Structures are given as structure tokens and as C-alpha cells.
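One structure is given below, encoded as C-alpha cells.
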Amino acid sequence: MIEILYIVFMMLFLFGITIFVHEWGHFIVARKCGFQVDAFAIGMGPALFQKEVDGVTYKICLFPIGGYVSLPQLDPEGMQKVQGDNATGDAQPLPDVSPWHKIAVAVAGPLCNIIFALLLGFLVTLGDRPETPALVGTVETESAAYQAGLRPADQIIAVNGNSVKTWYEVQVEALLSGNDSSTTFNVQRGDYIHTLLLKTNNPESGEAFIPGVTEAIPCVLGRVTPGSPAEAAGIQPDDIVKSFNNIPVTDWNHFTKLVQQTADQTVPLIVERNEDIITLTVTPEFDTSADRVLIGVSLGGSLAMPWTLSGNPIEQIKSDASSIFRLLKALATAGEAKQAAGGLGGPVAIFTMIWFALKMGIINALGLIRFININLAILNLLPLPVLDGGHIVFSLYEGITRRKVHPKVIATLVNAFAILLISAMLFLSVRDVDRAFNVGRLFEKEIPPSTETLPDE
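What follows is the structure, given as C-alpha cells:
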């Protein structure tokens with residue numbers, strides 16, 4: 004229960020601070036540029052807490068899905084006051100502001116997200132995480148990939164002619180290749196590079212990945228269940244399994260399959276611990292409640308996720324931005340738009356990903372929040388009326404033509420796009436809930452977190 008409360012708190016805190024950083028950027032630049040600021044809110048909906056300080060109402064609202072800074076000189080009603088179109092005539096006209104100041108305010112939010120992402124990227128580099136290339140783990144012998152020539156331990160180095168360094172990049176390229184399509188993979192096996200045509204996008208799940216193929220997941224052990232065979236054997240968290248029953252272990256999935264074959268047998272287990280090689284013996288047990296053979300360990304928290312694989316913070320930001328721009332380009336391309344749309348996620352997907360990133364460790368969570376900050380910055384700069392990019396377009400028009408866009412035009416466009424955006428979020432949320440029944444579909448890794456854990460909860 005304590006772990007669940009911790010994860011829920013950290014989810015809300017990490018997502019909330021992302022929104023705070025974005026809105027704080029708007030707020031601080033607006034104050035510097037002489038804007039009137041009516042409110043600064045984290046969250047949406049009814050206010051749970053609010054306090055007025057120096058004419059600004061600070062709020063924490065019920066729904067942690069966004070935030071806002073109320074700037075009358077930017078919103079349509081405020082612009083009516085600025086331009087003298089106030090219907091009631093009660094409010095005092097607001098002082099006009101330069102269109103270039105408006106642009107500065109609009110850009111400040113995304114810019115603060117980028118700066119925050121750089122800080123998170125630096126923290127991610129401090130974590131002890133594996134630098135794992137795009138290695139193939141298991142390949143089902145009956146799969147089309149196996150028939151095409153893909154084998155375990157192959158390293159994927161390019162997809163459709165595009166260089167890939169991580170499994171995440173492989174997933175992106177596979178996602179954008181289209182349904183039932185043949186995708187060109189360049190894989191390295193030993194000293195040779197092979198070119199293979201592989202089918203992508205599992206039609207049953209609707210998700211784009213290589214059917215019958217899993218990633219090579221480093222076999223780093225995590226929690227050891229008290230009273231389990233693993234504890235009796237002397238296994239410790241962060242042990243790296245090198246061999247089991249005298250068979251070299253290639254990855255986590257391979258390890259779990261080997262365990263299933265040794266019920267009630269005492270077998271040798273070789274692990275690496277703090278750079279030392281240690282030989283242990285373990286006796287796996289068949290657990291009737293789980294209906295499988297278990298030793299009582301889980302996958303370790305040092306598992307590298309796509310958002311923790313890059314090197315220095317600048318490279319991390321470049322990798323994040325490249326993935327986002329690649330997806331946006333696909334959404335605007337006729338042949339790729341349908342599959343690209345299938346890879347989008349809404350608030351439910353975001354919170355689900357944060358939840359599981361936290362379960363894998365704080366470094367994974369910080370890396371994901373870095374990725375979300377870059378995502379938020381780029382998407383907010385899109386030239387849509389309801390986003391920061393829309394304010395930039397309106398202000399550029401004003402600065403170049405020296406004519407203001409009529410507030411009624413802005414209000415109509417903002418309302419129309421707000422309806423579209425809310426509808427899209429609702430649709431994605433419903434789809435995310437449906438997918439959440441099979442959480443593995445939200446990740447490129449097909450890992451049941453407790454596959455090898457004896458039930459004790």
C-alpha cells in the first residue's frame with residue numbers, strides 16, 4: 004500500500020511540475036512585459052485551493068490534466084477590452100501590448116519545458132543504466148520473422164534505410180511502415196550484415212511491432228521474495244544472470260523459459276555481482292496458485308527504457324525531438340497517417356507510462372518526464388489557435404501587417420479547435436482505457452513484471 008501511495012504521489016508531482024514549469028514560463032515573462040495577469044492555475048476544473056496575491060489568483064484545481072495563466076491581453080475577451088469592443092462598457096480598457104511581447108510570452112512556456120528537460124537529462128546521466136542496443140531477444144520459430152531469417156541476438160541497425168540505435172527507434176519505424184507491410188531491416192550478426200524483409204504490425208493487437216519478436220532484455224534481477232528459493236540460494240537484487248543450469252542466458256525471456264523446465268531440480272546458477280562472478284544453486288518450485296514454476300525474483304529496476312538510453316542531455320533532447328517530428332511528419336503523410344495515429348496516446352496512456360516507469364526506478368521516471376516535456380514543448384508550438392503556436396501566428400500577423408486580428412475571429416477559431424482537441428483527448432482516453440487491459444501494448448517491452456515472483460501479496 005505504501006508503494007502504491009508513493010507512486011500515485013510521484014505521478015501527480017512529476018506531471019504537476021511539468022505543467023507548473025510550462026505555465027511559470029508564461030507567467031514570469033508576462034509579468035516582465037507588463038501584461039495583466041489575473042490567475043495562475045495548476046490543473047483544470049473547480050479550484051481546490053486558491054489565494055490572491057498582488058492581484059493574481061493562484062489556484063490548484065481538481066483535475067491534474069493541465070493548467071493555465073489568465074492573460075486578458077491574449078484571450079479573446081481581453082482583446083475586446085484592449086480594442087474597445089467591450090459590450091457592457093463596464094470594464095476599464097487594458098493597456099495595449101506589443102505583438103513581439105505576445106510572442107515572447109507564448110514562446111516562454113515551451114522554452115521552460117526544454118530547459119527543464121535538459122536538467123532532467125543531466126539527472127538521467129547520473130543513473131546507473133545499461134546502454135542497450137536494438138538486440139533481438141526471442142524469435143518464435145513459427146513466426147514470419149523467423150522464416151525471413153531473423154534470429155535471437157541479431158542487432159537491428161537500420162529500418163527502411165533509417166539508422167536505429169535503440170529498440171524504441173525500431174518500434175517507431177515499424178509503426179510507420181503500415182499495416183501488413185514488408186519492412187526492410189538491416190541486422191548485424193557477428194561480422195556480417197543481413198538485409199531482411201519482415202512483416203510488421205500485429206493485426207490482433209492493433210499495435211505496430213514485429214510479430215513473434217521480443218527485445219533482448221538484460222537479465223538483471225530485482226526484488227527477492229522472502230522465503231523463496233531465490234532467497235535460499237543467496238540471490239540478491241541487481242544480480243545479473245549469466246547462466247542457468249549450465250546454459251548461457253541471453254536475456255530475461257530466455258531465463259524465464261529455462262526456469263520453467265526445472266521444477267524441483269537443484270541446478271547451478273551463475274550471476275555477476277559487483278563485477279564478480281558467483282556460482283549459486285537454486286531449486287525452482289511449482290506454484291499452484293500461479294500455475295507455473297517460480298524461484299521468487301522479479302525483473303530488476305535497472306531496465307533501460309527508450310527515454311533513458313541516450314548519452315548527454317543534448318543528445319537526449321535531440322533523440323526525443325527527432326522521434327516526435329518523425330511522428331508528426333507521418334501524421335501528415337497519406338500512406339503513414341493511419342498507423343501513426345494508432346501510436347498516439349492520451350492522458351490515460353501518459354499516466355500509465357509514468358506509473359510503470361516509476362515502478363522501474365526514479366531514473367526511468369525522470370527520463371520519461373524529460374520526454375514528455377519535449378513533447379509538450381513541440382506540440383504547444385504547433386500553429387493551432389488553441390495552442391501557444393496559435394498565439395504566435397496571430398501576433399506575427401499583427402506585427403507584420405500592423406493590424407490586429409479581430410477578437411471574435413480569434414474566439415471562433417479557439418473555440419472550434421478547443422472542441423476538436425477535447426474530442427481527440429476523450430477518444431484517446433477511451434482507447435487508452437481499452438488498451439490498459441493489456442498493459443504490455445503500451446510499451447515496446449512485453450514484460451510481466453512479476454513473472455518470476457512467488458505470490459506474497
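The numbering of the sequence shown is the numbering used here, which starts it at 4 and goes up by one. We treat Cβ as the ideally placed atom computed from N, Cα and C, and that holds for glycine. Just so you know, these numbers come straight off a predicted model, no measurement behind them.
Check, Outcome
"Please classify GLY69: does DSSP put it in a helix, a strand, or coil?", "strand"
"Return yes when the Cβ of VAL11 is within less than 9 Å of the Cβ of ALA42, no when it is not.", "no"
"With a threshold of 8 Å on Cβ separation, who are the neighbours of VAL436 within its own chain once the five nearest residues in sequence on each side are excluded?", "VAL351"
"On the criterion of 16 or more Cβ atoms from any shown chain inside 10 Å, does PRO271 qualify as buried, or is it exposed?", "exposed"
"Please identify the residue among ALA427, TYR149, GLY393, ALA33 whose C-alpha is closest to the C-alpha of THR415.", "GLY393"
"What does a CB cutoff of less than 8 Å around GLU176 pick up in its chain, not counting 5 residues either side in sequence?", "VAL162, ASN163, ASN165, VAL167, THR186"
"Helix, strand or coil, according to DSSP, for SER292 in the structure here?", "coil"
"Just to confirm the assignment: which complete alpha helix (DSSP H) runs, minimum length 4, are found wholly within the region 388-428?", "391-404"
"I'd like the span of the beta strand (DSSP E) that includes LYS202, first residue to last.", "195-202"
"Could you tell me whether the region 218-229 touches the region 191-206, where touching means 3 or more Cβ pairs closer than 8 Å?", "no"
"Looking at C-alpha atoms only, which residue of THR144, PRO102, LYS54 is the closest neighbour of SER398?", "PRO102"
"Between which two residues does the alpha helix (DSSP H) harbouring LEU382 extend?", "365-383"
"Using the Cβ count rule (16 or more neighbours within 10 Å means buried), how would you classify ASN378?", "buried"
"One question on the structure: do HIS29 and LEU97 come within less than 9 Å of each other, judged by their Cβ atoms?", "no"
"Please identify the residue among LYS35, LEU17, PRO229 whose C-alpha is closest to the C-alpha of VAL108.", "LYS35"
"Near PHE23, what residues of its chain come up, given a Cβ to Cβ distance below 8 Å and the 5 sequence neighbours on each side ignored?", "ILE45, GLY70"
"Between the C-alpha atoms of ASN315 and GLU288, what's the straight-line distance to the nearest angstrom?", "44 Å"
"In whole angstroms, what is the alpha-carbon distance linking LEU263 and LEU334?", "In the sequence on display, residue 263 carries Gln and not Leu. Approximately 43 Å, taken between the alpha carbons."
"With distance defined between alpha-carbon atoms, name the residue in GLY152, ILE381, ALA148 nearest to LEU331.", "ILE381"
"Note down the Cα distance separating TYR9 from PRO410, rounded to an integer number of angstroms.", "45 Å"
"Between ILE281 and THR128, what straight-line distance do the alpha-carbon atoms span, to the nearest angstrom?", "29 Å"
"Taking three-plus beta-carbon pairs below 8 Å as touching, is the region 319-327 in contact with the region 247-258?", "no"
"Pick from PRO240, THR21, ALA111: whose alpha carbon is nearest that of ILE68?", "THR21"
"CA-CA distance, GLY364 and ALA421?", "36 Å"
"From the DSSP output, which residues share a beta bridge with VAL300?", "VAL227"
"Go ahead and pull the three-state DSSP assignment for ILE63.", "strand"
"Quick check on ASN277: does DSSP put it in helix, strand or coil?", "coil"
"Within 10 angstroms of the Cβ of ARG405, are there 16 or more other Cβ atoms? Answer buried if so, exposed if not.", "exposed"
"Just list the residues that DSSP pairs LYS54 with in beta bridges.", "TYR61"
"Could you check what DSSP says for ASN249 in three-state terms: helix, strand or coil?", "coil"
"Alpha carbon to alpha carbon, what distance is there between SER301 and ILE243?", "12 Å"
"Within its chain, find whatever has a CB closer than 6 Å to the CB of ASP459; leave out the 5 residues flanking it on each side and keep chain order.", "With a pLDDT of 34 at ASP459, under the threshold of 50, the predicted position of this residue should be treated as unreliable, and no value is reported."
"If you reduce the DSSP assignment to three classes, tell me which class ILE220 lands in.", "coil"
"So, with DSSP's three-state summary, where would you put PRO271?", "strand"
"Rounded to the nearest angstrom, what separates LEU371 and LEU297 at their Cα positions?", "31 Å"
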